[in-house]
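Numbering (the working numbering), first residue to last: 9 to 449. The beta carbon of each residue, even a glycine, is placed where N, CA and C say it ideally should be. Just so we're clear, the structure is a prediction, and the values are computed from it rather than from any experiment. I have placed the structure first, in the form of structure tokens, so that the comments after it can refer back to it.
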Ligand code: ACO
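Structure follows, in structure tokens:
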């Protein structure tokens, strides 16, 4: 299966836009995507006019053409390679979705089986990596360990450090990264618990093996129920890609310098960590716990949010101005999982009450703020037994295939250039050097 490049339909422009600048007019090509999204191509603007565009937070800037994921934020639509997220969450597996994202098509049975074998082969870490673990404090944050260890993994795979990847190498790098992030995550958890690291079990599939490494003990093997495995697989599928978000853009930017896939993915982990991005799944649970502990009722919490005392974590999105379709699926998964496990989590009740109030409140309606993927995901992770400080690690495990898909798509892109934004300088003009005796205290 050849790695897909951006389809030619996205190349053809239907016309031009005219930009009126003081004293001149510049004609700029219009680009239309396969879902009829229109863009003005400003790549030659500075050459032709001396002007640059200014767009803090890149809310209006398309940084690339991409054929991986389509989002219509107004309609609440998310598709991977043309497949609706709802259908993938219902019918597919995380491993299959990973191949779809990276290679563009759902895999044949033979290809899927072969990739599963590769995942098994790549489960173990080089023994040298154990010494890296020993150097971390036991209470070190698992996100810091994950990014450092992914980067370190590259040292043990010199054959996978080139950006020039044929299909076989890309498959191998994908298997190495997807498998090793699970092993690293589970090892860091065991270390934080002061427990013996549990080696991967080659007889188990991807999700079961991860749960085994997390929760089995020498005297008590963990057997995951089908519902837990299904919930975990769905969680990972729903986190697998989300086009040009903060961490994926970081991976692309780092990759644009020619950095290898391990370094690029490690940078994605760092970008994901923040509470406005992947770290929101932890922040939501912390917020719900605070509400529970303080006995605050959800109505007064919403009032405080409106007074701008804090943000409602797990709400709002740069792209979705409608329901995040992932949140809808996860709410359902969450209810089903808690029901089958017989768990009653008061945090889910608080979350639902908050959502109900917010979704009928003018402040949220005007700003089109809806629950995002992180609003319910933490309650699922809690039910599975994942500790709070590993929630964003779980998001990272899910996002690895998306990061690899974008890293590779960038490499194939004929328009690829090193990512290097411009700025509008607003600092001091040229001034004379002041000797130290003449400076103010
Ligand atoms: N709670 C309260 N108000 C909010 C929230 C929120 N969660 N999110 C946005 N707003 C308000 C802002 O205060 C602003 O109001 P104003 O126009 O009156 O000043 C308006 O909505 C627009 O907000 P921005 O910050 O400009 O929106 P932006 O697109 O830059 O930010 C973001 C998106 C970061 C996701 C934001 O909605 C947020 O902070 N949400 C909470 C954190 C969160 O859940 N992050 C996870 C996102 S999903 C993911 O990354 C996996």
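Please name the residue in the options whose C-alpha comes closest to that of residue i.
i: residue 412; options: 431, 393, 184; result: 184
i: residue 72; options: 56, 91, 40; result: 40
i: residue 66; options: 258, 322, 390; result: 258
i: residue 254; options: 242, 287, 271, 173; result: 287
i: residue 156; options: 351, 29, 276, 307; result: 276
i: residue 278; options: 153, 193, 162, 178; result: 153
i: residue 415; options: 322, 301, 271; result: 271
i: residue 169; options: 247, 192, 201, 266; result: 266
i: residue 197; options: 142, 118, 299; result: 142
i: residue 112; options: 75, 160, 92, 325; result: 75
i: residue 402; options: 240, 182, 228; result: 240
i: residue 316; options: 222, 371, 224, 204; result: 371
i: residue 70; options: 314, 38, 85, 86; result: 38
i: residue 148; options: 226, 201, 392, 211; result: 201
Along the alpha helix (DSSP H) that carries residue i, what are the first and last residues, could you check?
i: residue 124; result: 117–129
i: residue 365; result: 354–366
i: residue 242; result: 234–246
i: residue 165; result: Counting along the chain, residue 165 falls outside any alpha helix (DSSP H), and DSSP gives it neither H nor E.
i: residue 421; result: Per DSSP, residue 421 belongs to no alpha helix (DSSP H) and is neither H nor E.
i: residue 222; result: 214–223
i: residue 72; result: From DSSP, residue 72 is part of no alpha helix (DSSP H); its letter is neither H nor E.
i: residue 294; result: 288–302
i: residue 335; result: 333–349
i: residue 56; result: 53–57
i: residue 93; result: 93–99
Suppose contacts are defined by Cβ-Cβ distances below 8 Å. Is residue i in contact with residue j by that definition?
i: residue 349; j: residue 235; result: yes
i: residue 292; j: residue 382; result: yes
i: residue 390; j: residue 353; result: yes
i: residue 418; j: residue 264; result: yes
i: residue 29; j: residue 51; result: no
i: residue 333; j: residue 93; result: yes
i: residue 60; j: residue 54; result: yes
i: residue 244; j: residue 337; result: no
i: residue 109; j: residue 248; result: yes
i: residue 369; j: residue 309; result: no
i: residue 404; j: residue 280; result: yes
How would you write the range of the beta strand (DSSP E) that residue i sits in, first residue to last?
i: residue 87; result: 85–88
i: residue 37; result: 32–40
i: residue 26; result: 23–29
i: residue 78; result: 77–80
i: residue 183; result: Residue 183 -> not in any beta strand (DSSP E); alpha helix (DSSP H) instead, spanning 175–201.
i: residue 48; result: 46–48
In angstroms with no decimal places, state the Cα-to-Cα distance between residue i and residue j.
i: residue 374; j: residue 329; result: 10 Å
i: residue 95; j: residue 339; result: 16 Å
i: residue 144; j: residue 262; result: 25 Å
i: residue 78; j: residue 90; result: 7 Å
i: residue 213; j: residue 242; result: 15 Å
i: residue 25; j: residue 355; result: 51 Å
i: residue 400; j: residue 128; result: 24 Å
i: residue 436; j: residue 427; result: 26 Å
i: residue 82; j: residue 379; result: 14 Å
i: residue 17; j: residue 42; result: No answer about residue 17 holds up, because its pLDDT of 44 lies below 50 and its placement is not dependable.
i: residue 164; j: residue 268; result: 13 Å
i: residue 439; j: residue 318; result: 42 Å
i: residue 135; j: residue 207; result: 12 Å
i: residue 385; j: residue 107; result: 23 Å
i: residue 195; j: residue 104; result: 25 Å
i: residue 20; j: residue 447; result: Bear in mind that the predicted position of residue 20 carries a pLDDT of just 48, short of 50, making it unreliable; the figure below should be weighed with that in mind. Rounded to the nearest angstrom, the two C-alpha atoms are 59 Å apart.
i: residue 298; j: residue 306; result: 11 Å
i: residue 320; j: residue 398; result: 21 Å
i: residue 171; j: residue 189; result: 20 Å
i: residue 294; j: residue 322; result: 11 Å
At a threshold of 7 Å, does residue i count as lining ligand 1 (C-beta to nearest heavy atom)?
i: residue 68; result: no
i: residue 81; result: no
i: residue 276; result: no
i: residue 323; result: yes
i: residue 309; result: no
i: residue 313; result: yes
i: residue 381; result: yes
i: residue 319; result: yes
i: residue 62; result: no
i: residue 284; result: yes
i: residue 86; result: no
i: residue 326; result: yes
i: residue 407; result: no
i: residue 330; result: no
i: residue 159; result: no
i: residue 244; result: no
i: residue 355; result: no
Quick check: is the beta carbon of residue i nearer than 8 Å to any beta carbon in chain D?
i: residue 292; result: The structure shown contains no chain D; it is built from a single protein chain.
When every heavy atom of ligand 3 is checked, does at least one fall within less than 7 Å of the C-beta of residue i?
i: residue 65; result: Ligand 3 is not among the ligands present in this structure, which contains only ligand 1.
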